[in-house]
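Top line first, the protein sequences correspond to chains P and B. Residues 6 to 787 in the working numbering are what the first sequence lists, from first letter to last. Residues 59 to 444 in the working numbering are what the second sequence lists, from first letter to last. Every residue gets a Cβ at the ideal spot worked out from N, C-alpha and C, and that includes glycine. Being a predicted model, the structure only gives us computed values, none of them experimental. This report refers to the structure that appears directly beneath it.
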Amino acid sequence: MNVDNRRGELGELKSQLRQLAGSRAPGAEDLKRELFKKVTSYMTVGIDVSALFSEMIMCASNADIVLKKMCYLYLGNYAATNPELALLTINFLQKDCQDENPMIRGLALRSLCSLRVPNLVEYFTGPIKQGLKDANPYVRSVAAMGVLKLHHISPASVKDNEFQKTLKVLVIQDPDAQILYMGRVRSRDRTLGTASATAKRMKEFSEWAQCLVLELVSKYVPAHANETFDIMNVLEDRLVHANSAVVLATCKVFLHLTMSMADVHQQVYERIKSPLVTLITTGTSELAYAVLSHLHMLILRSPTLFVSDYKFFYCRYSDPSYVKKLKLEILTAIANESNTYEIVTELSEYATNVDVPIARESIRAVGRIALRRYDINGIVDRLLQFLEMDTDYVTAETLVRLEMLTACIKLFFKRPPQCQSMLGAALKAGIHDSHQDVHDRALLYYRLLQEGVGLAEKVINPKKQAVADFAESQSSEIKDRIFDEFNTLAVVYQKPSYMFLNKELVGNTESESLMGERELSSPSAHDGFLHQSEFSDNDMLLSASEKEDTRLISTGNGADAYSAPEISILDVAPAVSSSLLLEAPATVASQPKPAGTHQREMPLLPEFETPVPSSRQATPPLASQAVPMDDLFSGLSVPDTAAAAPAPPPQQLVLAPRPSLDAKAFQQKWGQLSVALTVEEKLAPTGIMKLATPQPLNVHMIDRHIFCMASGGKPPNFKYFFYAQSQPNFLDPSAQAGFFLVELHVDTARAMASGKIKADDVSLAPAFAELFRVALARFGLL
Amino acid sequence: MAAASALYILDLKGRVLIWRDYRGDVPASQAERFFAKVMEGEGDPSSHAPVIFDDGVTYLFIQHNNLYLMTATRQNCNATSMLLFLHRVVDVFKHYFEELEEESLRDNFVVVYELLDEMMDFGYPQYTEARILSEFIKTDSYRMEVVQRPPMAVTNAVSWRSEGIRHKKNEVFLDVVESVNILVNSNGQVVRSEVVGALKFRTYLSGMPECKLGLNDRVLLEAQGRSTKGKAIDLDDIKFHQCVRLARFENDRTISFIPPDGAFDLMTYRLSTQVRPLIWVEAQVERHSRSRVEYMVKARSQFKERSTATSVEIELPVPADATCPGVRTSMGTAIYAPEREALLWKIKSFPGGKVRYLKIIEKSGYQALPWVRYITMAGEYEIRMS
Numbered sequence: 006m007n008v009d010n011r012r013g014e015l016g017e018l019k020s021q022l023r024q025l026a027g028s029r030a031p032g033a034e035d036l037k038r039e040l041f042k043k044v045t046s047y048m049t050v051g052i053d054v055s056a057l058f059s060e061m062i063m064c065a066s067n068a069d070i071v072l073k074k075m076c077y078l079y080l081g082n083y084a085a086t087n088p089e090l091a092l093l094t095i096n097f098l099q100k101d102c103q104d105e106n107p108m109i110r111g112l113a114l115r116s117l118c119s120l121r122v123p124n125l126v127e128y129f130t131g132p133i134k135q136g137l138k139d140a141n142p143y144v145r146s147v148a149a150m151g152v153l154k155l156h157h158i159s160p161a162s163v164k165d166n167e168f169q170k171t172l173k174v175l176v177i178q179d180p181d182a183q184i185l186y187m188g189r190v191r192s193r194d195r196t197l198g199t200a201s202a203t204a205k206r207m208k209e210f211s212e213w214a215q216c217l218v219l220e221l222v223s224k225y226v227p228a229h230a231n232e233t234f235d236i237m238n239v240l241e242d243r244l245v246h247a248n249s250a251v252v253l254a255t256c257k258v259f260l261h262l263t264m265s266m267a268d269v270h271q272q273v274y275e276r277i278k279s280p281l282v283t284l285i286t287t288g289t290s291e292l293a294y295a296v297l298s299h300l301h302m303l304i305l306r307s308p309t310l311f312v313s314d315y316k317f318f319y320c321r322y323s324d325p326s327y328v329k330k331l332k333l334e335i336l337t338a339i340a341n342e343s344n345t346y347e348i349v350t351e352l353s354e355y356a357t358n359v360d361v362p363i364a365r366e367s368i369r370a371v372g373r374i375a376l377r378r379y380d381i382n383g384i385v386d387r388l389l390q391f392l393e394m395d396t397d398y399v400t401a402e403t404l405v406r407l408e409m410l411t412a413c414i415k416l417f418f419k420r421p422p423q424c425q426s427m428l429g430a431a432l433k434a435g436i437h438d439s440h441q442d443v444h445d446r447a448l449l450y451y452r453l454l455q456e457g458v459g460l461a462e463k464v465i466n467p468k469k470q471a472v473a474d475f476a477e478s479q480s481s482e483i484k485d486r487i488f489d490e491f492n493t494l495a496v497v498y499q500k501p502s503y504m505f506l507n508k509e510l511v512g513n514t515e516s517e518s519l520m521g522e523r524e525l526s527s528p529s530a531h532d533g534f535l536h537q538s539e540f541s542d543n544d545m546l547l548s549a550s551e552k553e554d555t556r557l558i559s560t561g562n563g564a565d566a567y568s569a570p571e572i573s574i575l576d577v578a579p580a581v582s583s584s585l586l587l588e589a590p591a592t593v594a595s596q597p598k599p600a601g602t603h604q605r606e607m608p609l610l611p612e613f614e615t616p617v618p619s620s621r622q623a624t625p626p627l628a629s630q631a632v633p634m635d636d637l638f639s640g641l642s643v644p645d646t647a648a649a650a651p652a653p654p655p656q657q658l659v660l661a662p663r664p665s666l667d668a669k670a671f672q673q674k675w676g677q678l679s680v681a682l683t684v685e686e687k688l689a690p691t692g693i694m695k696l697a698t699p700q701p702l703n704v705h706m707i708d709r710h711i712f713c714m715a716s717g718g719k720p721p722n723f724k725y726f727f728y729a730q731s732q733p734n735f736l737d738p739s740a741q742a743g744f745f746l747v748e749l750h751v752d753t754a755r756a757m758a759s760g761k762i763k764a765d766d767v768s769l770a771p772a773f774a775e776l777f778r779v780a781l782a783r784f785g786l787l
Numbered sequence: 059m060a061a062a063s064a065l066y067i068l069d070l071k072g073r074v075l076i077w078r079d080y081r082g083d084v085p086a087s088q089a090e091r092f093f094a095k096v097m098e099g100e101g102d103p104s105s106h107a108p109v110i111f112d113d114g115v116t117y118l119f120i121q122h123n124n125l126y127l128m129t130a131t132r133q134n135c136n137a138t139s140m141l142l143f144l145h146r147v148v149d150v151f152k153h154y155f156e157e158l159e160e161e162s163l164r165d166n167f168v169v170v171y172e173l174l175d176e177m178m179d180f181g182y183p184q185y186t187e188a189r190i191l192s193e194f195i196k197t198d199s200y201r202m203e204v205v206q207r208p209p210m211a212v213t214n215a216v217s218w219r220s221e222g223i224r225h226k227k228n229e230v231f232l233d234v235v236e237s238v239n240i241l242v243n244s245n246g247q248v249v250r251s252e253v254v255g256a257l258k259f260r261t262y263l264s265g266m267p268e269c270k271l272g273l274n275d276r277v278l279l280e281a282q283g284r285s286t287k288g289k290a291i292d293l294d295d296i297k298f299h300q301c302v303r304l305a306r307f308e309n310d311r312t313i314s315f316i317p318p319d320g321a322f323d324l325m326t327y328r329l330s331t332q333v334r335p336l337i338w339v340e341a342q343v344e345r346h347s348r349s350r351v352e353y354m355v356k357a358r359s360q361f362k363e364r365s366t367a368t369s370v371e372i373e374l375p376v377p378a379d380a381t382c383p384g385v386r387t388s389m390g391t392a393i394y395a396p397e398r399e400a401l402l403w404k405i406k407s408f409p410g411g412k413v414r415y416l417k418i419i420e421k422s423g424y425q426a427l428p429w430v431r432y433i434t435m436a437g438e439y440e441i442r443m444s
C-alpha cells in the first residue's frame with residue numbers, strides 16, 4: 006500500500022516536472038523549486054527518486070543557481086549507482102562548466118569531479134584543465150580540488166594529463182593564497198622542500214588550510230637543527246590561535262621535529278602544556294575530550310610533565326562523564342611521591358559523586374595508585390574509609406576490597422606492630438565477604454600467615470618484584486606508533502591506526518599518514534630504507550632503555566650505508582628531499598619565474614644540494630617524473646605500488662586493491678604455473694621484532710595490495726602464501742587482469758626472506774617481483 | 059590529513075534529517091548503526107564520548123538542542139578538527155536560522171545543503187565563517203535580486219572580511235567578559251581558582267579598518283618601562299581570533315587586526331590566580347531516616363557592602379531518586395528541578411583586565427566610536443560538601 010502510494014507520488018512528480026521543463030510561464034521557477042525541494046527531501050529520508058533523473062536534468066538546464074545546486078546534489082547521489090545515467094549527467098555538467106557565472110562554473114565542476122564513476126574519467130579531464138586556467142579564483146580552487154578527486158578514482162589519468170605539472174605552476178604563480186594551499190596540499194614535495202618558507206606564509210592560509218599544511222610540515226625531516234629551530238620559531242605564534250585544531254597541529258609539528266633532540270623535545274612538552282590546558286578549560290566538552298586524550302598520551306610518555314599541575318585535571322561537576330573518566334585516568338597516571346596524597350584526597354571526593362560509574366571509577370583509580378606504593382599508609386586509610394561508607398556501590402567495588410587486602414598485608418610486612426590489628430580486621434572482613442574472590446584471597450593470606458610470616462612475605466611480597474607498570478599499559482612500541490599518529494583518532498582510541506582501520510578499504514581509499522610519508526621519500530626502495538632506519542633509530546633514542554639492544558641492531562644493519570652519525574644525516578637529507586632535488590630545479594628551469602615572486606623559496610635549495618651522494622645525481626631524470634607524482638598525492642589514495650615501482654619500471658603495474666581468489670583456485674594455479682622468478686630480501690630488524698607470529702607481515706602486505714592466502718610456522722621459520730592481481734586497465738581493456746602467486750620463507754634468525762613467484766602473465770613477473778621486494782624491504786619500517 | 063566521508067544531522071530518535079555525502083564510502087543508512095551505538099551505552103546518551111568506533115567506521119558527533127550532528131569516516135582522521143568543525147557548522151547554521159533545531163532545518167534544508175556544500179569539500183573543511191558564506195549563500199528572502207558571485211574573501215588572504223563594507227555610523231562595541239571558576243573542597247579549601255576572560259567585539263566599520271588594542275598586560279608595560287604596580291595583569295594563556303596578527307603580538311605585544319564585520323571574540327585568556335570566592339556556601343546534611351534528608355545551606359557574601367551581585371545561582375545536587383523536596387528560603391526563591399535546586403541571589407563585578415586604548419585606522423580616515431564595558435560573570439563555582 007505504502008509502496009503504491011509512493012509510486013503514485015513519484016509518477017505525479019515526474020509528469021509535473023516534465024510539464025515545467027520547457028515552460029517559460031511566470032511562476033514556473035517557483036513551482037520548479039517546490040518540486041525540487043520535495044525531491045531533495047525524499048532523497049534525504051532515503052526514498053529512491055532516481056526515476057526522475059532525466060526530468061530533473063531537463064528542468065535544471067536553464068534554471069537559476071539554487072535549482073542547479075539542488076540538481077547537482079541529486080546527481081551526485083544517483084550518478085554513481087546508475088552509470089547509464091551518468092553520461093547524461095556529464096553532458097549537463099560539462100555545459101554548465103562553460104556558464105558565464107563563475108559560481109555555476111565552479112559548482113558544476115565540483116559536482117562533475119564528485120561523480121566517482123571510474124570509467125567516465127576521460128570526460129572530467131577537459132573541464133578540470135580548463136578550470137585550472139579559469140580567470141576566477143573560486144573556479145581555480147575547485148579545479149585544484151578536482152584533481153585530488155580525480156586522483157582518487159583514477160591516478161593514471163592524473164598522470165596522463167600532467168595535472169601535477171599544472172598544479173605546480175599554480176602553486177608558484179597563483180597570487181591567491183587559497184589556491185596556493187590547495188596546490189600545496191597536493192604537492193607535498195614542494196612543501197617539504199621549503200618547509201620553513203611555507204611556515205612563514207602560514208598566515209595567508211585560512212585556518213583549516215593551516216591545519217593541513219601543518220600536518221604536512223610535521224612530516225618533514227629538517228636537514229639540520231637550525232632549520233628545525235627556524236620552523237619552530239616561525240610557527241610558535243600558531244599556539245595561540247583560537248582554532249584548537251591549529252593548536253594541536255602545531256603541537257604535532259613541534260613534537261615530531263624535535264624527536265631526535267631529547268632536551269629540546271622536553272622543552273616542547275613544557276611549551277605546549279599551557280595552550281593545551283586552556284583548550285580543556287575554555288573549549289566545549291567534546292573538544293576537551295579530544296585534547297585530554299592527547300594530554301593523556303603525552304603524560305604517559307613524560308609522566309613528570311604535570312606533576313605539580315595536576316589540579317587542572319580535577320573533575321568539574323558539570324563535566325560530562327566521558328571527560329571525567331579521562332581525567333581520572335590522567336590523575337592516576339600523574340600520581341607520584343610528591344602528589345599522591347593530594348590526588349588521592351581528590352579522588353576520594355569523587356567516591357560520593359552522584360554519577361555512580363564515575364564514583365566507582367575513582368575508587369578503582371585509588372586502588373591503582375595504591376599499587377604503586379607511594380603512600381600506602383594514607384591510601385589504605387582511605388580505602389578503609391570507603392569500606393565504612395555505607396554506600397552499596399562503593400563497597401561493592403570488589404577490586405577495592407582485593408586491593409585493600411593486598412595493600413594491608415604488604416603494609417603489615419613493613420610495619421608489623423602498627424598494622425597487626427588492621428590486618429586482622431581486614432582479613433576477617435574479607436573472609437566473611439560475600440564475593441568469592443575476596444573470600445578466597447583473604448583465606449589464602451590467612452593460611453599463608455599461619456605457615457609463617459616470613460613465608461607469607463616471600464609469596465605475597467617478594468623482594469625486587471616491584472610493580473613497575475600495569476597490564477593494560479601498552480608496549481612502548483605501540484605507544485611510539487600512537488605518538489607518530491598524534492592528532493588523529495589513534496590517540497583517542499589509544500591504538501595505532503592499523504589496529505582499527507579496515508585494511509582493505511584503507512588500501513583502496515586513502516593511504517594516509519606515515520605510509521604517505523614513506524612514499525614521498527624514495528625513488529628507490531633503498532633510499533627509503535635508509536631514511537626509515539634512521540627514523541626508527543631516533544624513536545629508540547627516546548624510548549625506554551630496554552630497547553637498547555634493538556637499537557644497536559638497527560644501527561648495525563644500516564652500517565653498510567652509514568657508519569658514523571654525521572654521515573647518517575647526509576643520508577637522510579637526500580632521502581627526504583630527493584624528490585625536491587630532482588624536481589625543484591627542474592620546475593624552476595622549466596618555467597620562467599615571474600619577476601620578483603617567491604624569491605625566498607629559492608635559497609633553501611642549495612642546502613639540500615650539498616649533501617647529495619653521487620649515486621643520487623646519477624638517477625635518470627625520468628625518475629623525477631615518476632616520483633613526485635606519487636609524492637604529490639601521498640595525502641590521498643595512492644595505491645602505493647606505483648610509488649614503490651623502480652625507476653624506470655620494467656612495465657607499468659598496478660595491483661588491484663581487492664583481488665578475488667579462493668583457496669581452491671590458488672592451489673590449482675599454483676599447480677599449473679611454473680616458477681617465474683625468485684626473490685631474496687633482507688628484512689629490517691624492526692620488522693623481525695614484530696614477527697613473533699606470521700600475522701604482522703600479512704597485515705603489512707595488504708597495504709600494498711598483496712594478500713595472504715595462508716601462513717604458518719614457528720620462530721625462526723615462517724612460511725607464507727601470498728597472492729595479488731594486476732589492476733584491470735580501463736584504458737586498455739584488452740589487458741588481462743592476471744594473478745601473481747608467491748611462496749615465501751622467512752628466517753627471522755638470519756633476517757632473510759626468500760620466495761618463489763608465479764604469474765599468469767610471465768612478462769609482468771619482474772615488475773611484480775620488484776614491488777614485492779620493495780614491500781618486504783619496508784616491512785617494519787613504518 | 060584524513061577526510062570525513064559524510065556529514066549527518068539526526069533528530070533525537072535517530073532519523074536522518076540531513077545527509078551530505080563527500081566521499082561515497084559511508085552510506086546514509088550507516089546512521090542507524092551510529093544511533094544504535096549511542097543508545098546502547100548506559101545512562102543518558104549525552105554522556106557518551108563524542109568519538110565512537112564501530113566496524114571500521116568512526117563517528118564523531120556533538121549534540122545541539124534536539125539534534126545530533128555527526129561526521130563519519132573510514133580513515134584515521136583528526137578528531138579535534140572534526141569536532142571543532144561540527145561546532146562551527148552549528149555556529150553557521152545559528153547565524154542563518156537564529157536557532158538550530160529540527161524545525162529550522164526542515165524549513166531551510168535547501169540552504170542547509172548549499173552551506174554544507176561550501177563548508178566542506180571532499181571531506182576537508184573549507185570555509186566556516188558565517189559572515190562570508192552569507193555573502194554568496196542567501197536565504198530565500200534575498201535570493202532573487204542579486205547575481206551570486208563568490209566573494210573575494212573565499213579565496214583571498216583576509217578570509218574573514220570582504221572588501222567594500224559600508225556603514226553609516228562607524229562603531230565598535232567591546233565587552234570584556236570574565237568568568238571566575240572556583241573549586242572549593244569540602245573542608246573549605248580553595249583547590250583551584252582561575253579567571254577565564256573573553257574580549258567580545260561587535261564591529262560596524264566601513265572598509266578594511268586596522269584596529270589596535272592595548273591592554274594592561276604586565277609583559278607589555280614592563281617592556282615599555284612603565285610602572286606595573288597594581289594595575290597590570292599576567293595573561294597566562296591567550297587565544298586569538300584568526301584576524302589578529304600573531305607575529306606582531308609575539309614581537310611587541312600589540313594586538314593589531316582587521317576585524318570581521320559584526321560580532322566575534324577577539325581573544326580569550328586564562329588567569330590562574332588565587333581568587334577569594336565572592337560567595338561562600340556551607341552546607342550541613344542531616345539524615346533523619348533512610349528516606350529523609352535535610353540539607354541546611356548557608357551562603358555568605360564576601361565582598362564589600364556597597365557592591366551587589368546579581369543573578370547568583372546556587373546549584374545543590376540531591377540524589378536522583380529524591381521526590382518533592384520541601385524548600386524554605388530566607389531570601390530569593392528556590393525551585394526544584396530534577397537533580398537540582400537553585401537559589402537566586404546577586405553578584406558584583408570583579409576587577410580584571412583593563413583596556414587601555416582601542417584605535418581604529420582606515421584609509422578614508424573616518425571617525426569611529428569605540429564603546430567599552432566590563433562584565434564579570436561567575437563561571438563555575440563548585441563548592442563541595444562532606
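For residue i, I'd like the list of residues in its chain whose CB is within less than 8 Å of its CB, leaving aside the five on either flank, ordered along the chain.
{"i": "P/V126", "result": "L155, I158, S159, S162 and F735"}
Below 7 Å CB to CB, which residues in the same chain sit around residue i once its five sequence neighbours on both sides are set aside?
{"i": "B/S347", "result": "none"}
{"i": "B/I120", "result": "P108, L127, L141, L144 and H145"}
Look up residue i in the DSSP assignment and say whether it is helix, strand or coil.
{"i": "P/C413", "result": "helix"}
{"i": "B/L273", "result": "strand"}
{"i": "B/H153", "result": "helix"}
{"i": "P/M266", "result": "coil"}
{"i": "B/Y185", "result": "coil"}
{"i": "B/I249", "result": "At residue 249 of chain B the sequence reads Val, which differs from the Ile that was named. DSSP places B/V249 in strand when its eight states are reduced to three."}
Kindly list, in the order they appear in chain P, the residues whose Cβ is closer than 8 Å to that of residue i.
{"i": "B/G72", "result": "Those within 8 Å of B/G72 in chain P number zero; the least Cβ separation is about 13 Å."}
{"i": "B/H145", "result": "T289, E291 and L292"}
Note down, in chain order, every chain B residue with its Cβ under 7 Å from the Cβ of residue i.
{"i": "P/R23", "result": "Result: empty, since nearest Cβ-Cβ is about 22 Å, beyond 7 Å."}
Say yes only if the C-beta of residue i is nearer than 8 Å to one or more non-hydrogen atoms of the ligand COA, and no if none qualify.
{"i": "B/Y80", "result": "As presented, the structure is devoid of all ligands, the ligand COA included, so that no description of it is given."}
Against residue i, what residues of chain B qualify as contacts under a CB-to-CB distance less than 9 Å, listed in chain order?
{"i": "P/S313", "result": "Per Cβ cutoff of 9 Å: no residues; P/S313 is ~12 Å from chain B at best."}
Is the segment 142–151 of chain B touching the segment 181–199 of chain B, taking contact as three or more C-beta pairs under 8 Å?
-> yes
Return the residues of the segment 319–352 of chain P that lie within a Cβ-Cβ distance of less than 7 Å from chain B, sorted by chain order.
-> Y319, R321, Y322, S323, P325, S326 and Y327
Should the segment 71–78 of chain B be regarded as contacting the segment 701–715 of chain P, the criterion being three or more beta carbon pairs within less than 8 Å?
-> no
Contact list for the segment 230–245 of chain P against chain B, Cβ threshold 8 Å | E241, D242, R243 and V245
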